[in-house]
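In our numbering, the protein residues as written are 10 to 247. Virtual Cβ for every residue (Gly too), placed ideally from N, Cα, C. The next block holds one structure in the form of structure tokens; read it before the comments.
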């Protein structure tokens, strides 16, 4: 049986979560949240009844910081203001790379152009993206995610970004390594067919897609199982 269940974002699985916590299964929250620190993410979930700690969360910003330190990179940050504290210990003087995340309102022409100028002025430009999602859902509807802006910089600078968030293989490998389990022992639960299901499957994990949040009936990647709004199994056939 699976030794790890990875739960993504705020899918309505509190009952399932409590059952998992009471079992011997290991659990990790894997999020592409790049608009807030892990501490704020945890507080939000705690307010919804999830009894979790920061140590149970795998997120892109800390992963990016590890890469920056290992390679002595000094980033120009194009990220949301609320996630900047995650980079507090990183040297940002005289940048030799760009880190891009879901900057929301900070994705202005001026800010994108500034990031472009940093990259185009480097002999060996490095663009690190905290994710490559196409869009996400908020209460007022769907919104463009970091992937759209990452692709713009890739095209303008003729480079390929290094993605540290989902669906990058190294993101899932990091979560698995932190818990000491193999991909075949893990199940990924999420609503995003590309970032959650596709990313996990490329890493050798099984995946379960919930029919909430970003789920769309036209999704083409086949998860191991789909679950309906009330936990009922869905039909995977088209």
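Take the Cβ of residue i as the centre, count every other Cβ of all protein chains shown within 10 Å, and call the residue buried at 16 or more, exposed below.
i	result
residue 204	buried
residue 31	exposed
residue 224	Confidence is the limiting factor: at residue 224 the pLDDT is only 47, short of 50, which leaves the residue's position unreliable, though a coordinate-based value still follows. Buried, by the Cβ-count rule.
residue 239	Low confidence applies here, because residue 239 scores a pLDDT of 44, under 50, leaving its location unreliable; read the following figure in that light. Exposed, since its Cβ has fewer than 16 Cβ neighbours within 10 Å.
residue 147	exposed
residue 151	exposed
residue 200	buried
residue 41	buried
residue 217	buried
residue 119	exposed
residue 175	buried
residue 193	exposed
residue 144	exposed
residue 95	buried
residue 290	Here the chain covers residues 10 to 247 and nothing more, so residue 290 does not appear.
Could you check how far apart the C-beta atoms of residue i and residue j are, in whole angstroms? I think they sit under 8 Å.
i	j	result
residue 125	residue 165	5 Å
residue 159	residue 170	5 Å
residue 197	residue 179	No, residue 197 and residue 179 are not in contact; Cβ-Cβ is about 15 Å, not under 8 Å.
residue 114	residue 49	Not confirmed; about 17 Å, so no contact.
residue 208	residue 181	6 Å
residue 72	residue 43	Their Cβ separation, rounded to whole angstroms, is 11 Å, which puts residue 72 and residue 43 out of contact at 8 Å.
Can you find the residues in the same chain that come closer than 7 Å, C-beta to C-beta, to residue i, ignoring five residues on each side of it along the sequence?
i	result
residue 129	166
residue 276	Any answer about residue 276 is impossible in this case: the structure gives the chain only from 10 up to 247.
residue 93	86
residue 51	61, 62, 63, 66
In its own chain, which residues sit with a C-beta less than 6 Å from the C-beta of residue i, not counting the 5 before and 5 after it?
i	result
residue 24	none
residue 47	63, 66, 68
residue 57	none
residue 149	none
So, for residue i: in the same chain, excluding its five sequence neighbours on each side, which residues have a beta-carbon less than 8 Å away from its beta-carbon?
i	result
residue 161	121
If you pair each beta-carbon of the stretch 182–192 with each one of the stretch 78–92, do three or more pairs fall below 8 Å?
-> no
At least 3 beta-carbon pairs within less than 8 Å: the stretch 132–150 vs the stretch 96–110 = yes
Report yes or no: do three or more beta-carbon pairs, one from the stretch 136–155 and one from the stretch 108–117, lie closer than 8 Å?
-> yes
Any chance you could list the alpha helix (DSSP H) runs of at least 4 consecutive residues sitting entirely within the stretch 25–109, in chain order?
-> 47–56, 69–79
What residue ranges within the stretch 112–139 form continuous alpha helix (DSSP H) runs of no fewer than 4 residues, ordered along the chain?
-> 118–129
Identify every run of the beta strand (DSSP E) within the stretch 142–192, keeping only runs that are complete inside it and at least 3 residues long; order them along the chain.
-> 144–147, 150–153
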